[in-house]
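Chemist:
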Amino acid sequence: MGSSSRRSPASVRPAQDPHRSSPHPVPESRRASVLVTEDDPLVASAIQAFLMIEGYDVQIAKDGGEAIRMLAHAEPDVLLTDIGLPDVDGFAVARAARERYPNIPVLMMTGRPSVATATAALEVGASRHISKPLQCAELVLAIESAVAERLRAKQRDAAFDLQRLLGVEKRKTADLQIALDDVFGSFWMAYQPIVRASTGGLFACEALLRSSDPRLPTPLAVLDAAEKLHEIHALGRIVRERAAAPFLAAQVGTVLFVNLHSRDLLDDALFAPDAPLSAMAHRVVLEITERAPLTDIDDLARRIADLRAMGFRLAIDDLGAGYAAMWALTVMEPEIVKIDMSLVRGVDQNPTKRSIVQHLVAMSHDSGALVVAEGVETEAERLALVSLECDFLQGYLLGRPVKALPWE
Ligand code: G
Ligand code: MN
1144 MGSSSRRSPA
1154 SVRPAQDPHR
1164 SSPHPVPESR
1174 RASVLVTEDD
1184 PLVASAIQAF
1194 LMIEGYDVQI
1204 AKDGGEAIRM
1214 LAHAEPDVLL
1224 TDIGLPDVDG
1234 FAVARAARER
1244 YPNIPVLMMT
1254 GRPSVATATA
1264 ALEVGASRHI
1274 SKPLQCAELV
1284 LAIESAVAER
1294 LRAKQRDAAF
1304 DLQRLLGVEK
1314 RKTADLQIAL
1324 DDVFGSFWMA
1334 YQPIVRASTG
1344 GLFACEALLR
1354 SSDPRLPTPL
1364 AVLDAAEKLH
1374 EIHALGRIVR
1384 ERAAAPFLAA
1394 QVGTVLFVNL
1404 HSRDLLDDAL
1414 FAPDAPLSAM
1424 AHRVVLEITE
1434 RAPLTDIDDL
1444 ARRIADLRAM
1454 GFRLAIDDLG
1464 AGYAAMWALT
1474 VMEPEIVKID
1484 MSLVRGVDQN
1494 PTKRSIVQHL
1504 VAMSHDSGAL
1514 VVAEGVETEA
1524 ERLALVSLEC
1534 DFLQGYLLGR
1544 PVKALPWE
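Residue 1290 in our numbering sits at position 147 of the sequence shown; the count goes up by one each step and never skips.
Here it is in structure tokens:
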């Protein structure tokens, strides 16, 4: 506003609308912040007082330069700027605001409205062009609708971002599904020997899932993908079918250890008489890891009893790796306990591990379970485990997992 249009605070005339009740409730949108650029201190303080009563957070810039500096510091919800200012004009302030915040609503006021000022205001993206003297009702309505528009724009942006995110997630899921479908076709079972600790003779083989697909290169990656895509049952069925195949063909007497996911216990196919493992159940040990919780499996005890009735033996896998060793031992009453390789690694040198293994072996034997030590890599570990009375040993020292059955 130039000096010619300076007016007293009385120029901010109260609203004429007789229906406006006062004091009005302050709606949520009124807490919006307004940056007012006005060089006339009296008009500025009148606008500020009025808008603050209306519930707005108001900042005053006394010239264009100050407004631009304040804009650099923080984004107001609305910019209300006079056109005539002593330094840069209101159009420059509007342009600077729009450059920094493309969606900021800009209201321009002038004491000398003309087609030219209205057109110029439009060109800098002002949503409203207000004539002075200001009508309070008009000013509030203009600010209210600017704030509402700003809110709608923000919601549109958020909805757009969400859509984009969902799109990306959807594509990722679709890609993962393709990878998993391919891996279902291509994965194979490797077999690792489990030997008798006393003689070194072959007792059993553990079937281990192996994938050479770079998208899902490890058993854990395949399991994670199957969990994400709710395909745990499908995966388990193929695992059991592929693990059993060479055993069924060869009719060998060696025991087969197969890993179950805790969810597999909920799959009826595991219990079916014509399922791949059912016919050879008396030669199969089903491993259930201690790492994953079994607490959310309904009817756990009955399901375990059903498997036993079919002839299966049960093993707790990775004992000592989780927090539920005692619980797993008492609920499952396993025939076999597999001590986790984290306890086996360096057991010959670490007195604590030695003592834990000793106690786990004693507890297992007391409850009638036999013990497999997993992940045996050195002769020193082997000797320690033999002296600690482990019944069976498994690990790279005794044999790596290989595609062919170890006796072939
Ligand atoms: O959870 P589970 O115990 O089923 O995991 C067995 C895994 O441990 C297999 O992937 C197998 O390749 C790996 N493994 C078997 N023997 C050894 C070993 O001696 N050392 C190490 N580091 N890993 C082993
Ligand atoms: Mn295992």
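The C-beta atom is built at its ideal place from N, Cα and C for all residues, glycine as well. All of these numbers come straight from a predicted model, not from anything done at the bench.
Using CA atoms only, rank isn't needed, just tell me which of Arg1497, Met1506, Asp1206 is closest to valine 1179.
Modeler: When each option's Cα is compared against that of valine 1179, the closest is Asp1206.
Chemist: Quick one: Cα of lysine 1496 to Cα of glycine 1463, how far?
Modeler: So the two alpha carbons sit approximately 10 Å from each other.
Chemist: Okay, do the region 1304-1312 and the region 1220-1238 touch, 3+ Cβ pairs below 8 Å being the bar?
Modeler: Output reads no: the region 1220-1238 does not touch the region 1304-1312.
Chemist: Over what stretch of residues does the alpha helix (DSSP H) that includes lysine 1371 continue unbroken?
Modeler: Run containing lysine 1371: 1362-1371, per the alpha helix (DSSP H) assignment.
Chemist: In whole angstroms, give me the CA-to-CA distance for aspartate 1230 and glycine 1268.
Modeler: Those two C-alpha atoms are separated by around 21 Å.
Chemist: Assign lysine 1481 to one of three DSSP states: helix, strand, or coil.
Modeler: Residue state, collapsed to three classes: strand.
Chemist: In whole angstroms, what is the alpha-carbon distance linking leucine 1294 and tyrosine 1199?
Modeler: Leucine 1294 and tyrosine 1199: Cα-Cα distance of roughly 15 Å.
Chemist: Is the beta carbon of threonine 1253 closer than 9 Å to that of isoleucine 1226?
Modeler: Yes.
Chemist: By DSSP, does valine 1428 sit in helix, in strand, or in coil?
Modeler: Three-state result, valine 1428: strand.
Chemist: Which residue comes first and which comes last in the beta strand (DSSP E) that contains glutamine 1492?
Modeler: Premise fails: glutamine 1492 is in no beta strand (DSSP E) and is neither H nor E.
Chemist: Output the distance between the C-alpha atoms of serine 1372 and arginine 1406, rounded to the nearest integer angstrom.
Modeler: It is leucine, not serine, that sits at residue 1372 in the sequence shown. Leucine 1372 and arginine 1406: Cα-Cα distance of roughly 13 Å.
Chemist: What residue range is occupied by the uninterrupted beta strand (DSSP E) comprising arginine 1271?
Modeler: Start and end: 1271-1274.
Chemist: Could you give the first and the last residue of the continuous beta strand (DSSP E) run that contains aspartate 1324?
Modeler: Premise fails: aspartate 1324 lies in the alpha helix (DSSP H), 1279-1329, not in any beta strand (DSSP E).
Chemist: With a threshold of 16 other CB atoms inside 10 Å of the CB of aspartate 1461, please say whether the residue is buried or exposed.
Modeler: Answer is buried; the Cβ neighbour count reaches 16.
Chemist: Just list the alpha helix (DSSP H) runs in the region 1504-1538, keeping only unbroken ones of 4 residues or longer that don't cross its boundaries, in chain order.
Modeler: The region 1504-1538 contains these whole alpha helix (DSSP H) runs: 1522-1530.
Chemist: Let me confirm a value: threonine 1316 is counted as buried when at least 16 other C-beta atoms fall within 10 Å, else exposed. Which label applies?
Modeler: The residue is exposed, with fewer than 16 neighbouring Cβ atoms inside 10 Å.
Chemist: For valine 1519, which option in Glu1476, Met1484, Trp1331 has the closest C-alpha, if you only look at C-alpha atoms?
Modeler: For the residues Glu1476, Met1484, Trp1331, the minimum Cα distance to valine 1519 belongs to Met1484.
Chemist: Ignoring anything shorter than 3 residues or poking outside the region 1219-1272, list the beta strand (DSSP E) runs there in chain order.
Modeler: List check, beta strand (DSSP E) in window: 1221-1225, 1249-1253.
Chemist: Quick check on this structure: which residue in Arg1339, Pro1357, Met1469 has the alpha carbon closest to the alpha carbon of valine 1326?
Modeler: Of the listed residues, the one whose Cα sits closest to valine 1326 is Pro1357.
Chemist: Buried or exposed for glycine 1511, please, with buried defined as at least 16 other CB atoms from any protein chain shown within 10 angstroms of its CB.
Modeler: Per the 10 Å Cβ criterion, exposed.
Chemist: Report all residues from its chain with a CB closer than 7 Å to the CB of valine 1338; omit the five preceding and five following residues, and keep chain order.
Modeler: Gly1344, Leu1345, Phe1346, Phe1535, Leu1536, Leu1541, listed in sequence order.
Chemist: Among the candidates Val1258, Gly1233, Ala1235, Ser1176, whose CA atom is the shortest distance from the CA of glutamate 1218?
Modeler: It is Ser1176 whose Cα lies nearest to the Cα of glutamate 1218.
Chemist: How is the beta strand (DSSP E) around aspartate 1461 delimited, first residue to last?
Modeler: It spans 1456-1462 - the beta strand (DSSP E) in which aspartate 1461 sits, taken as one unbroken run.
Chemist: Between the alpha carbons of histidine 1502 and leucine 1528, how many angstroms are there, rounded?
Modeler: The straight-line gap from Cα to Cα measures roughly 12 Å.
Chemist: Verify the contact flag: proline 1544, CB atom, against every heavy atom of ligand 1, threshold strictly below 8 Å.
Modeler: Proline 1544: yes, Cβ under 8 Å from ligand 1.
Chemist: With a Cβ-Cβ cutoff of 9 Å, do methionine 1453 and alanine 1424 count as a contact?
Modeler: Yes; because the gap between Cβ atoms is below 9 Å, this pair is in contact.
Chemist: What first and last residue would you give for the beta strand (DSSP E) that runs through alanine 1347?
Modeler: That run of the beta strand (DSSP E) goes 1345-1353.
Chemist: For methionine 1195, which residues of its own chain have a beta-carbon under 7 Å away from its beta-carbon, when the five flanking residues on both sides are left out?
Modeler: Val1201.
Chemist: Under the assumption that valine 1504 contacts valine 1514 (Cβ atoms under 8 Å), give the Cβ distance between them as a whole number of angstroms.
Modeler: Going by Cβ atoms, the distance from valine 1504 to valine 1514 rounds to 5 Å, so yes, they are a contact pair.
Chemist: Would you say the beta carbon of phenylalanine 1455 is closer than 8 Å to some non-hydrogen atom of ligand 4?
Modeler: This structure lacks ligand 4; its bound ligands are ligand 1 and ligand 2.
Chemist: Among Glu1281, Leu1319, Leu1409, Leu1403, which one has its Cα closest to the Cα of glutamate 1433?
Modeler: It is Leu1403.
Chemist: Cβ of methionine 1469 versus every heavy atom of ligand 1: is any distance shorter than 8 Å?
Modeler: No, ligand 1 has no heavy atom inside 8 Å of this Cβ.
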